[in-house]
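>
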Amino acid sequence: MKYEIKNILGSGSSATTFLIKSKNKYYALRRQKIFKNEFIEFKDNFTHDKILENTDKSLYRLIYFNKFINTINKNHFTIIYEYNIDKCKFIQPLTDWVQNNPNALKKYNELTDSKYCLDIITDIKDGIINDILYSLNIEQVYSLIIQIVFAFHLMHSNGFYHRDGHSTNLMYKKTSLKTIKIFGMNIPTFGYLYSLIDYGDTISTKFKLSHSEMVAITYGNYKYEDIIRFLNECIFHSDKIFIKIINKLINNEKLEFYELEVFKYKRITFEDTKYYCLNINDPKKIIKYFYKLIKLKKK
Ligand SMILES: Nc1ncnc2c1ncn2[C@@H]1O[C@H](COP(=O)(O)OP(=O)(O)O)[C@@H](O)[C@H]1O
Ligand SMILES: [Mg+2]
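The sequence shown begins at 39 in the numbering used here and counts up by one.
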């Protein structure tokens, strides 16, 4: 599509997202630098069949997953409209994280010298969850937990693992929908839909995996990691005390008195956190639990 770049919506360690306008409609354009050899290799390969054949390469994986998940759900993921690789003059801003990670910095410097980009055009989200988290009331927090746990469930039950669910990859979007159907329940949105974005690290047994990836996906527990990481990094903001507490809860260990005390300052109670941690393998149970809390609040 032909478009005009209007503004920057956000930037991460590998991509920058722009607000674009095309035929009086607005979209998000996610632009990421790629290597020349990737450009040459992919130039004629970006058809649907070729994407299936090339899932050993990360650029294909991200598009494959986005297209696949849109056939199942559009509420909790980005909607992909178009993708393209081309020459570009764009320079990705350097983040602190990249600056402090030698391997990432090396790749960043090499990519900065490259003249090629992968562009993906998607729907626009309103912002990262962090920006509104403290303005949400408790029912809205419950709805957030339900929606994101459900989004991970949709990935996991289709054999995909996000592996990068930190708080700048979780977005909100205002909605006029009052409720959405999740596991047959009418979950109130309280005005917001929440989604997982950024599928650059998404992995699946559907992909052609390297030996080490096959080992990692078989022996590791990415399902578990995705769901716990969301609780830690989004709900508890990677608070060191909470990482330890959550670890104890997962292992059903008793908490010290001072560890119980810190829940006083958090909106999610000890009981809710414990329930979540003990049922990571059963997202439906977690969702039903928080739905019940919403209903109790309404009474
Ligand atoms: N669809 C979108 N609508 C609005 N902002 C977005 C959208 N997609 C990404 N962003 C913004 O751009 C940032 C970087 O995009 P992301 O896909 O996460 O790339 P990176 O791999 O660099 O983290 C996000 O953290 C977010 O702030
Ligand atoms: Mg990101």
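Cβ coordinates follow ideal geometry from the N, Cα and C atoms, glycine included. Computed from a predicted structure; not experimentally measured.
Taking the CB atoms as reference points, tell me whether Ile225 and Lys335 lie closer together than 8 Å.
Not in contact: Ile225 and Lys335 (Cβ atoms no closer than 8 Å).
> Since Asp161 and Ile117 are thought to touch, with beta carbons under 8 Å apart, how far apart are those beta carbons, to the nearest angstrom?
Their Cβ separation, rounded to whole angstroms, is 4 Å, which keeps Asp161 and Ile117 in contact under 8 Å.
> If you draw a straight line from the C-alpha of Lys322 to the C-alpha of Lys246, how long is it?
Roughly 30 Å between the two C-alpha positions.
> One question on the structure: do Gly203 and Ser242 come within less than 8 Å of each other, judged by their Cβ atoms?
No. Outside cutoff.
> Over what stretch of residues does the beta strand (DSSP E) that includes Lys63 continue unbroken?
Where Lys63 is concerned, the enclosing beta strand (DSSP E) stretches over 63–72.
> Looking at the strands, I want to know which residues DSSP matches up with Ala142.
Bridge partners of Ala142: none, in fact.
> Looking at the structure shown, is Lys278 part of a helix, part of a strand, or coil, going by DSSP?
Lys278 falls in the helix class under three-state DSSP.
> Counting only runs that start and end within the segment 140–210, where is the alpha helix (DSSP H) found for 4 or more residues in a row?
DSSP runs (the alpha helix (DSSP H)) wholly in the segment 140–210: 140–151, 168–171, 176–195.
> Taking the alpha helix (DSSP H) that Ile101 belongs to, which residues open and close that run?
Segment 96–108, the alpha helix (DSSP H) holding Ile101.
> Regarding Ser96 and ligand 1, is the C-beta to nearest heavy atom distance less than 7 Å?
No, since every heavy atom of ligand 1 falls outside the 7 Å radius drawn around the Cβ of Ser96.
> Using a Cβ distance threshold of 8 Å, determine whether the segment 87–99 contacts the segment 203–218, with at least three qualifying pairs required.
Because the criterion of three Cβ pairs below 8 Å is not met, the segment 87–99 and the segment 203–218 do not touch.
> Mapping DSSP to helix, strand and coil, what is Met223?
It is a strand residue.
> Buried or exposed: which applies to Thr311, given that a residue is buried once 16 or more other Cβ atoms fall within 10 Å of its Cβ?
Thr311 comes out buried.
> Between which two residues does the alpha helix (DSSP H) harbouring Lys326 extend?
Here the alpha helix (DSSP H) through Lys326 covers 321–336.
> Would you check if there are 3 or more beta carbon pairs closer than 8 Å linking the segment 106–125 to the segment 149–165?
Judged by Cβ distances under 8 Å, the segment 106–125 makes contact with the segment 149–165, as three or more pairs qualify.
> Assign Tyr296 to one of two classes, buried (16 or more other C-beta atoms within 10 Å of its C-beta) or exposed (fewer than that).
Looking at its Cβ environment, which holds fewer than 16 other Cβ atoms inside 10 Å, Tyr296 is exposed.
> If you check the beta carbons only, do Leu149 and Phe268 fall under 8 Å apart?
Result no, Cβ atoms of Leu149 and Phe268 do not sit closer than 8 Å.
> Measure the Cβ-Cβ separation of His114 and Tyr199 and say whether it is below 8 Å.
Contact flag unset, no.
> Assign Ser214 to one of three DSSP states: helix, strand, or coil.
Residue state, collapsed to three classes: coil.
> State the start and end residues of the unbroken beta strand (DSSP E) segment that holds Lys44.
Note, Lys44: beta strand (DSSP E), 42–49.
> I need the boundaries of the alpha helix (DSSP H) containing Tyr121, first residue and last residue.
First-last for Tyr121: 118–125, but that is the beta strand (DSSP E), not the alpha helix (DSSP H).
> Is Ile339 near ligand 1, with its Cβ less than 7 Å from a heavy atom?
Residue numbering for the chain in the displayed model covers 39 to 337; residue 339 lies beyond these limits and cannot be assessed.
> Compare the Cα-Cα distances from Lys63 to each of Tyr119, Glu309, Ile186 and report the closest residue.
Nearest option by C-alpha distance: Tyr119.
> Using only alpha-carbon positions, find the residue among Lys286, Lys163, Tyr180 that is nearest to Leu333.
One point to set straight first is that residue 333 is Lys, not Leu, in the sequence displayed. That would be Tyr180, whose Cα lies nearest to the Cα of Lys333.
> If you count every other CB in all the chains shown that lies within 10 Å of the CB of Val253, and 16 or more means buried, which is it?
Under this definition Val253 is an exposed residue.
> Between the beta-carbon of Ala142 and the beta-carbon of Ser49, is there less than 8 Å?
Against a cut-off of 8 Å, the Cβ pair of Ser49 and Ala142 comes out as no contact.
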